[in-house]
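Shown next, in structure tokens, is the structure this report addresses.
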Amino acid sequence: SPFSVLGEIVVNEVNFVRKCIATDTSQYDLWGKLVCTNFKISFITDDPMPLQKFHYKNLLLGEHDVPLTCIEQIVTVNDTKRKQKVLGPNQKLKFNPTELIIYCKDFRIVRFRFDEAGPESAKKVCLAIAHYSQPTDLQLLFAFEYVGEIYHNPAKKVNGIDPGGGGGGIGSASGQQTPLFETYSDWDREIKRTGASEWRVCSVNEGYMISTCLPEYFVVPSSLADQDLKLYSYSFIGRRMPLWSWNHPNGSALVRMANIKDVLQQRRIDQRICNAITRSHPLRSDVYKSDLDKCLPNIQEIQAAHIKLKQLCVNEPFEETEEKWLSSLENTHWLEYIRSFLKHSAELVYMMECKHVSVVLQEEEGRDLTCLAASLIQVMLDPYFRTIVGFQSLIQKEWVMAGYQFLDRCNHLKRSDKESPLFLMFLDCVWQLLEQYPAAFEFSEMYLTILYDSARISLFGTFLFNCPHQRVKESTEFAISKNIQLGDEKGLKFPCVWDWSLQFTSRDRLLFHNPLYIGKSAPYVQNGAVKTFKRSKKNYSSTLRGVPPALKNGIISEQEFLPRRNSLILKLKPDFLQQTESQSNSMEQYFRDWFAKPVDLHGVILPRISGTQIKLWKLCYFRWVPEAQIHHGGFITAFHKVSLLADEVDMLNRNLRQYKSNSSLQGNCSELDQSRMYFRANGLNDTSGAPDFLSSSFPFSPVGNLCRRSILGTPLSKFLSGAKIWLSTETLANED
Numbered sequence: 176s177p178f179s180v181l182g183e184i185v186v187n188e189v190n191f192v193r194k195c196i197a198t199d200t201s202q203y204d205l206w207g208k209l210v211c212t213n214f215k216i217s218f219i220t221d222d223p224m225p226l227q228k229f230h231y232k233n234l235l236l237g238e239h240d241v242p243l244t245c246i247e248q249i250v251t252v253n254d255t256k257r258k259q260k261v262l263g264p265n266q267k268l269k270f271n272p273t274e275l276i277i278y279c280k281d282f283r284i285v286r287f288r289f290d291e292a293g294p295e296s297a298k299k300v301c302l303a304i305a306h307y308s309q310p311t312d313l314q315l316l317f318a319f320e321y322v323g324e325i326y327h328n329p330a331k332k333v334n335g336i337d338p339g340g341g342g343g344g345i346g347s348a349s350g351q352q353t354p355l356f357e358t359y360s361d362w363d364r365e366i367k368r369t370g371a372s373e374w375r376v377c378s379v380n381e382g383y384m385i386s387t388c389l390p391e392y393f394v395v396p397s398s399l400a401d402q403d404l405k406l407y408s409y410s411f412i413g414r415r416m417p418l419w420s421w422n423h424p425n426g427s428a429l430v431r432m433a434n435i436k437d438v439l440q441q442r443r444i445d446q447r448i449c450n451a452i453t454r455s456h457p458l459r460s461d462v463y464k465s466d467l468d469k470c471l472p473n474i475q476e477i478q479a480a481h482i483k484l485k486q487l488c489v490n491e492p493f494e495e496t497e498e499k500w501l502s503s504l505e506n507t508h509w510l511e512y513i514r515s516f517l518k519h520s521a522e523l524v525y526m527m528e529c530k531h532v533s534v535v536l537q538e539e540e541g542r543d544l545t546c547l548a549a550s551l552i553q554v555m556l557d558p559y560f561r562t563i564v565g566f567q568s569l570i571q572k573e574w575v576m577a578g579y580q581f582l583d584r585c586n587h588l589k590r591s592d593k594e595s596p597l598f599l600m601f602l603d604c605v606w607q608l609l610e611q612y613p614a615a616f617e618f619s620e621m622y623l624t625i626l627y628d629s630a631r632i633s634l635f636g637t638f639l640f641n642c643p644h645q646r647v648k649e650s651t652e653f654a655i656s657k658n659i660q661l662g663d664e665k666g667l668k669f670p671c672v673w674d675w676s677l678q679f680t681s682r683d684r685l686l687f688h689n690p691l692y693i694g695k696s697a698p699y700v701q702n703g704a705v706k707t708f709k710r711s712k713k714n715y716s717s718t719l720r721g722v723p724p725a726l727k728n729g730i731i732s733e734q735e736f737l738p739r740r741n742s743l744i745l746k747l748k749p750d751f752l753q754q755t756e757s758q759s760n761s762m763e764q765y766f767r768d769w770f771a772k773p774v775d776l777h778g779v780i781l782p783r784i785s786g787t788q789i790k791l792w793k794l795c796y797f798r799w800v801p802e803a804q805i806h807h808g809g810f811i812t813a814f815h816k817v818s819l820l821a822d823e824v825d826m827l828n829r830n831l832r833q834y835k836s837n838s839s840l841q842g843n844c845s846e847l848d849q850s851r852m853y854f855r856a857n858g859l860n861d862t863s864g865a866p867d868f869l870s871s872s873f874p875f876s877p878v879g880n881l882c883r884r885s886i887l888g889t890p891l892s893k894f895l896s897g898a899k900i901w902l903s904t905e906t907l908a909n910e911d
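To get our numbering, take the position in the sequence shown, counting from 1, and add 175.
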């Protein structure tokens, strides 16, 4: 049965449905059954997919499946009556649909025809999809149903995996677990890893006694006592006290903070917090505050840019927009906003790395722009966060546990006016860095794209809630209503997205690996000599290159623009960095010197942000558009070649080890069978060509998604060309 996920039930189905395939003719259309379950919509067919020799298999989703949380809009059409309607959750449908078009949040468009199907059955399945994809309550999301089944039937596990846990699950050589930062010990280990000796784990919020939008455990300066924190917490918006994120080897800390709402106490509390951060710095350096609300695009602007980008990639026929495509792309402001996040983060990297000052990221609630900026700064500064497990731990620490509102921002319940794709923008910014420094990242762009898709699968608890407290509160209520005994557990344990074996086989998970990555102790050749990367604190902070001698020893000279340590904290304006020529010159010199030297892959990486260096992430945004697909083209062709080379090198290394140990081949053939690469060499000097199924959309296939050409000349094309925004309800609700 295709419905193997525990707790999944069929709600409605209709036979003799035609799925329209993306070509100019209907001869390739597939016939089958359209099914709506409480988890996804499924199209079941015995017809083979035309024009397609490859499919990347998700263990939870079939080839034609769409998770309910990935559905953006449901449009029903009756072309004989020339009527269309966008279906809301509890609406009636006064006509029998001849066609159903589903617009997905990942830019897919899927189209079904009901010419041969029973009219009433077709109508029922459309209404069922509308109802189940737009739930009225968080506890109606599929994850609750699944977890309820697990607790009632402990022996049953989906794909043999327990819910919860942060499994490394990538087939990574280290086999490391991803720290979830739900416990005291995870934070303590991070303090030790970064050498933040003057900071401590604070448990003042255990049981969410102080703030419901903070984690139970977080890190604060050692000099701040618990009772002071409790007292200060009342002055912060959402009682969100300052949160430590990371420590530089030179002692500078990265801290995030909500605004202080108590105007009378503002200066006093600000001073005390900043003094405590200063005392936690070995050089007693000053604190640099960056008000992100003043210098970065806000969540509404980011959402507006995303809607324009979606319209450009999805609604517009390419033939008509080709000439003005680049200017249309510029008008979305999406790349401009990515540039501003990368630029601002790089400037703050300079402050920590070169000026040796601690940086405080300030934002009204401290749970949107700070997530993105704090994460980007750490990706640029710390090579650990450029590994798979490190990157996953970063998302847990700075997004999941820090209270990024996934439920509202991803709009899982389809009724939030707070929707904004900040998490996607973060992944896009990381992709830009990956594109510029491919050897610095352990993961591939396929990994980033699949991670984005996983936020739209409502089985995982990771990206389902607005904060950890909401998970505990909602799941405890659910447990009581379903007579589930929780024991000592704080709420129900949901499946974790980092358990990748829930979604992919170990073979398919190899696609997450970047073949160009140079690991921590991998040899590399420089000037003909083989050297080895070893990360130590010394070479990690040695990126202070080209810095004036006064700064190299952590001493800030009199004429530098930062105040002395016993001075009052400056109220810094967003344009502070450009106030005088000497200030910006110092920063520009740092960037000039950095770009003039070879990149240390295990040190700092900085983004190139001029015009053409910020690109559109084509794999993510174009993978479902048939017209944009390049057969035997795109980055995957280089990825394939490099994978074969890397596999050959691995094979040679294994053969050398085998030769040195003089053991028989048979004794260790398991090691010879192992490969880190998805694409494997058939032997040394493998010259076989690229597989026939490679295209710029790999590992996804746009076949079976609607292309603009296939609707020209239909009543639908007029209706689509009239939709100048992403098919809003206002445009389409013309049923009567």
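Glycine residues also receive a C-beta, built at the ideal position from the N, C-alpha and C atoms.
Query                                                                                                   : Result
Buried or exposed (CB count within 10 angstroms, at least 16 for buried), Thr787                        : exposed
Three-way DSSP call (helix, strand, coil) for Tyr612 in this model                                      : coil
Option in Val395, Ile184, Asp240 with minimal Cα separation from Leu209                                 : Asp240
Gly263, DSSP secondary structure in three states                                                        : coil
Burial state of Arg542 (16 or more Cβ within 10 Å)                                                      : buried
Leu501 burial status per 10 Å Cβ neighbour count (16 or more: buried)                                   : exposed
Helix, strand or coil at Arg257 [DSSP, three-state]                                                     : coil
Residues that Phe411 bridges to, as DSSP identifies them                                                : Ile435
Continuous beta strand (DSSP E) stretch holding Gly207: start and end                                   : 205-212
Run of the beta strand (DSSP E) containing Cys377, from where it starts to where it stops               : 374-377
Residue span of the alpha helix (DSSP H) that contains Ser420, given as start and end                   : Unbroken run through Ser420 is the beta strand (DSSP E), 418-422; no alpha helix (DSSP H).
Close beta carbons around Asn380, own chain, < 8 angstroms, minus the five adjacent residues each side  : Ser386, Leu389, Pro390, Glu391, Tyr392, Phe393
Rounded straight-line distance, which links the Cα of His423 to that of Ser372                          : 11 angstroms
Boundaries of the alpha helix (DSSP H) in which Asp592 is found, first to last residue                  : Looking at the DSSP string, Asp592 is not in any alpha helix (DSSP H), and its letter there is neither H nor E.
Ser408 at chain B interface by Cβ criterion, 9 angstroms                                                : The structure shown contains no chain B, having only a single protein chain.
Cβ-Cβ separation, Lys793 to Ser871 (assumed contact under 8 angstroms), whole Å                         : 7 angstroms
Nearest candidate by alpha-carbon position, reference Glu247, set Val285, Lys530, Pro272                : Val285
Any alpha helix (DSSP H) of 4 or more consecutive residues that is wholly inside the segment 246-321    : 294-307
Length of the line joining the Cα atoms of Glu831 and Ile811                                            : According to the sequence as given, residue 831 is Leu; it is not Glu. Roughly 30 angstroms between the two C-alpha positions.
Lys436: CB within 8 angstroms of a non-hydrogen atom of the ligand FAD                                  : Of the ligands one can find in the structure shown there are none, so the ligand FAD has no counterpart to examine.
First through last residue of the alpha helix (DSSP H) which encompasses Phe653                         : 643-656
Simplified DSSP state of Leu236, which is helix, strand or coil                                         : coil
Exposed unless 16 or more other CB atoms sit within 10 angstroms - verdict on Gly382                    : exposed
Among Val189, Gln553, Asp592, the one whose alpha carbon lies nearest that of Glu573                    : Gln553
With 16 other Cβ atoms within 10 Å as the buried cut-off, status of Gln441                              : exposed
CA-to-CA distance, Glu538 to Val489, given in whole angstroms                                           : 33 angstroms
Residue nearest to Val668 in terms of C-alpha spacing, selected from Trp206, Asn689, Arg646             : Before going further, note that residue 668 is Lys rather than Val in the sequence given. Comparing Cα-Cα distances from Lys668 to each of Trp206, Asn689, Arg646, the minimum goes to Arg646.
Straight-line gap, Ile655 to Glu238 (C-alpha atoms, nearest Å)                                          : 37 angstroms
Burial state of Thr889 (16 or more Cβ within 10 Å)                                                      : Interpretation of Thr889 is limited by its pLDDT of 44, a score under 50 that renders its predicted location unreliable; the figure taken from the coordinates is listed afterwards. Thr889 should be labelled exposed.
Contiguous alpha helix (DSSP H) assignments of at least 4 residues, all confined to the segment 615-639 : 620-629
Beta carbon of Pro782 nearer than 9 angstroms to that of Ser410                                         : no
Same chain, Cβ closer than 7 angstroms to Tyr359, five either side skipped, listed in chain order       : Val376, Ser378, Tyr392
Closest by C-alpha distance to Ile448, when choosing among Arg415, Phe635, Asp204                       : Arg415
Expected contact under 8 angstroms - CB spacing of Val250 and Ile276 to nearest Å                       : 4 angstroms
For Leu243 and Lys260, believed in contact at Cβ under 8 angstroms, the rounded distance                : With a Cβ gap of about 19 angstroms, Lys260 and Leu243 do not count as contacting.
Beta-carbon spacing of Ser635, Cys585 below 9 angstroms                                                 : First, the residue type needs correcting, since residue 635 is Phe and not Ser in the sequence shown. No. Outside cutoff.
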